[in-house]
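Residue numbers (this note's numbering), protein chains in the order written: chain A, 30 to 239; chain B, 17 to 465. From the three backbone atoms N, C-alpha and C, an ideal C-beta is built for every residue, glycine too. Note that the structure is a prediction, hence the values are computed from the model and not measured. Have a look at the structure below before the remarks.
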């Protein structure tokens, strides 16, 4: 069976494969090619997918808890996937759809998230230092206490986003949409706010350097 | 921020300074626990303080008035500011000779503030906050007292406390010139005395703060308190975040008192982060290592080798102050072994080789390396300080340091020479939360690698 071959870890080339709802927990899948695969509802928890190709894969509702996902997830569908405690450091998540996904305690530092859809996602306290978030959609997301220092948020959609106590020092927010955002006690020292729309945003106790 | 309030004036003064205020959000329960801890420490402190407090309403003071009597007995001078409510003046505490009342006008912005300012020769602490206005709450108007939110900050830093006292005096003088003069005299006296006195044990204040917050958290878990309260999780995290902040503020104060090396915590943390990348450590371990770097001076083991040898009976190692917070158990263990040596000659347990937790070995090497690099930067200009510090450490490879880690450190130094910069941002203290792993209690049970 294909799943057994994959589990064995010898063969690495499976683009476009159908693995819907399969159990692939605790597997060594380093550098596997699963580009464009159907992985809906698959269970990869605690598996190692470092360096894997998952671009264009459908990972909807997949279980990715504690998974090493330092992989290529370009344009992947991760809607409602469980990414709690997943390792996404330096991952390519450009254009990925993460709506409704769980990202509690996931590591995202250095990830590439430009153009990704993170609408309504809970990213409380997440570490996104220096991350590429150009044009990301974080509408209504919860980024309370998140570390976004030096992040590139050019043209990002941060409308109604909770950025309470967030660290945005040195972040690039040029052209960002911050309408109705909560910036209570956020730190914006040294950030670039050229052309950012801050209508109705709460800036109480916010440190903004001019 | 309310125009003319003390918080606003202090924030304004620090707007473009090297020391921005680092404001945070607090719930009422968090503030009550914080204030009680900082106030009650006056009873254990070795100095008699000047205590200035502002209550939003006189009735809040009346709830505290009996406690304040004991505090006044230990204090040089107490100044209470509030808009008067019934009983404000007549309470026995208000009648005491060293207790002065300032009856704020209702339109005074200070009447909207919550202050606690403690200045003594041996101890300084303060809380400065304002409540969100109805407009600021927006769609999230508080339904219960528990949901009330404040913004501002708290600190142990003597310079900031002194600055705030001066602002408070200026405000008091608008109401009562002679009281302003009296308080100024007290400040002069306390400042003069502080130069010759040893400060109170910071460990004791910090553990008191953490314990009070934990107690407040425990009472929160009763059903009658939490029924119908949506924001319970937020409040609960706010309390834990402030426990964490107590340690980060302690680290900050330790760094500030070390004039020759004031960035030790953030530099060691940044290097630890780079090291975890070089060693390809898993994310949770990298995070734990970063936090250990930030707190490495707080969690030092209490006994030095020399003292151990001099003593005829083995000295009990002083338990690290970090132990009071269960979420920091793993970090506390890492830091307790940061003075172990690779060959087993270190303290406190004399562990050797792989018996020493990996993170402890890394912190040991990086803390020494950072210290040496700083010293070379200051006193020798002819050679690269990083290269010199590395050479010093290499001599002790296999004796004090894990030889494998020196290979990684040389790579790091090479990277630094080629222009790699370590992020020297001090972490935003008001948000200790991103550093606390909610699962760390479970993780600490897994064996060290």
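The C-alpha of residue 225 of chain B lies about 44 Å from the C-alpha of residue 144 of chain A.
When the beta-carbon positions are compared, residue 23 of chain B and residue 129 of chain B come within less than 8 Å of each other. Residue 209 of chain A: not part of any beta strand (DSSP E); DSSP gives it neither H nor E. Residues of chain A with a Cβ closer than 8 Å to the Cβ of residue 17 of chain B are, in chain order, 233, 234.
Counting C-beta atoms within 10 angstroms of its own C-beta, residue 42 of chain B has 16 or more neighbours from the protein chains shown and is therefore classed as buried.
Three or more beta-carbon pairs separated by less than 8 Å link the segment 28-45 of chain B to the segment 157-174 of chain B, which places the two stretches in contact. Comparing C-alpha distances from residue 139 of chain A to each of A/57, A/30, A/177, A/171 shows the shortest one belongs to A/177. With its beta carbon at least 8 Å from every one in chain B, residue 56 of chain A lies outside the interface.
Listed along the chain, the chain A residues whose CB falls inside 7 Å of the CB of residue 284 of chain B amount to none; the nearest CB is some 17 Å away.
In this structure, A/235 is the residue among A/219, A/235, A/228, A/226 with its C-alpha nearest to the C-alpha of residue 212 of chain A. For residue 422 of chain B, the enclosing alpha helix (DSSP H) stretches over residues 419-433. With its beta carbon less than 8 Å from one in chain B, residue 116 of chain A belongs to the interface.
If you draw a 10 Å sphere on the C-beta of residue 187 of chain B, you find 16 or more other C-beta atoms in it, and that means buried. For residue 169 of chain B, the enclosing beta strand (DSSP E) starts and ends at 165-171. The DSSP-derived three-state label of residue 289 of chain B is helix. Setting aside the 5 residues that flank it on each side, residue 97 of chain B is surrounded in the same chain by 70, 118, 120, each with a C-beta closer than 6 Å to its C-beta; the list follows chain order.
Under the 8 Å Cβ criterion, the segment 149-161 of chain A counts as touching the segment 177-194 of chain A, having at least three qualifying pairs. For residue 142 of chain B, the pairing in a beta bridge is given by DSSP as B/133, B/171. Secondary-structure assignment with DSSP links residue 40 of chain B through a beta bridge to B/168. The alpha carbon of residue 377 of chain B has as its nearest neighbour, out of B/416, B/394, B/169, B/396, the alpha carbon of B/416. Listed along the chain, the chain B residues whose CB falls inside 7 Å of the CB of residue 213 of chain A are 41, 167. Residue 151 of chain A places its beta carbon 8 Å or farther from that of residue 125 of chain A. In the structure shown, residue 73 of chain A falls within a coil segment according to DSSP collapsed to helix, strand and coil. Contact between residue 99 of chain A and residue 72 of chain A does not hold, since their C-beta atoms are separated by about 19 Å, which reaches or exceeds 8 Å. At a beta-carbon threshold of 9 Å, the residues of chain B lying near residue 218 of chain A are 36, ordered along the chain. Excluding residues up to 5 positions away in sequence, 289, 292 lie with their Cβ nearer than 7 Å to the Cβ of residue 302 of chain B in the same chain.
For residue 68 of chain B, the uninterrupted beta strand (DSSP E) segment begins and ends at 66-70.
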